[in-house]
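Visitor: Under our numbering, the residues of the sequence shown are numbered 208 to 386, in order. Glycine included, C-beta positions come from ideal geometry on N, C-alpha and C. Remember, it's a predicted structure, so these values are computed and weren't measured experimentally.
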Amino acid sequence: MRPSTSVRAERCNDAPMIADVIIRAYADVAYSDRREHLMVERLRQSDAFIPELSLVACFEDQAVGHILMTRAHIVSDRSAVTTLGLAPLSVVPSYQGLGVGKQLVRTAHKKAAQLGFQSIVLVGIPDYYTQFGYQRLSLYPVTLPFDAPDENCMIAPLVPGALDHVTGRVKYAEAWLDH
208 MRPSTSVRAE RCNDAPMIAD VIIRAYADVA YSDRREHLMV ERLRQSDAFI
258 PELSLVACFE DQAVGHILMT RAHIVSDRSA VTTLGLAPLS VVPSYQGLGV
308 GKQLVRTAHK KAAQLGFQSI VLVGIPDYYT QFGYQRLSLY PVTLPFDAPD
358 ENCMIAPLVP GALDHVTGRV KYAEAWLDH
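1) Taking only three categories from DSSP, how would you classify residue 256?
2) Flag this pair as yes or no: are the beta carbons of residue 282 and residue 273 separated by less than 8 Å?
3) Please list the terminal residues of the continuous alpha helix (DSSP H) segment that includes residue 311.
4) Alpha carbon to alpha carbon, what distance is there between residue 216 and residue 259?
5) Is any non-hydrogen atom of the ligand GDP found closer than 7 Å to the C-beta of residue 245, if you look at the structure I gave you?
6) Would you kindly work out how many angstroms separate the C-alpha atoms of residue 331 and residue 337, rounded to a whole number?
7) Can you name, in chain order, every residue of its own chain whose Cβ lies under 7 Å from the Cβ of residue 357, other than the five neighbours on each side?
8) Helix, strand or coil for residue 337? Go by DSSP, reduced to three states.
9) Is the Cβ-Cβ distance between residue 365 and residue 326 less than 8 Å?
10) Leaving aside the five residues before and after residue 352 along the sequence, list all residues of the same chain whose C-beta is less than 8 Å from its C-beta, in chain order.
11) Quick check on the burial criterion: 16 or more other C-beta atoms within 10 angstroms. Buried or exposed for residue 289?
12) Between which two residues does the beta strand (DSSP E) containing residue 278 stretch?
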């Protein structure tokens, strides 16, 4: 058993360490294009970046995990509702399965709610994300701007009723889609 990790907001000199975490986390993932770290770099420079929602899990002085949530919108002909896009969640292989990812997701959810955000959209592994309250996006009249398997497209409300009457297409920052 490893000692516990701490979670903190990204600091200005963390970028290389975070890139290393992301590269290591996705190195052997079949569906990865090995460019997730480049997406994070672009998002960091965009208007969608929220510094408080780029979180690093550390063991001693070493980063072992990272999560990023950026501003997005669910847009229809009649309205635009602010949401968050979660991507990526990264944990170095030697710390996977030890609760680091759970700690990152729970901390990010709490901070997002404190900042007034009401929902989060992601494309991910359903068996993992349902434990945090994520449901299939197809249960709501909300779509993504790209094709992905239905079971992997998910949304979670951060407050009760947050998804009532929400309809439209998710609009991510250009930096997110350039991935």
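Guide: Taking the structure as given:
1) coil
2) no
3) Residues 307 to 321.
4) 6 Å
5) The ligand GDP is not among the ligands present in this structure, which contains no ligands whatsoever.
6) 10 Å
7) The residues are 343, 345.
8) If DSSP states are grouped into helix, strand and coil, residue 337 belongs with the helices.
9) yes
10) Non-local beta-carbon contacts of residue 352 in its own chain, meaning distances under 8 Å to residues more than five positions away in sequence, involve 376, 377, 378, 379, 384 in chain order.
11) exposed
12) 269 to 282
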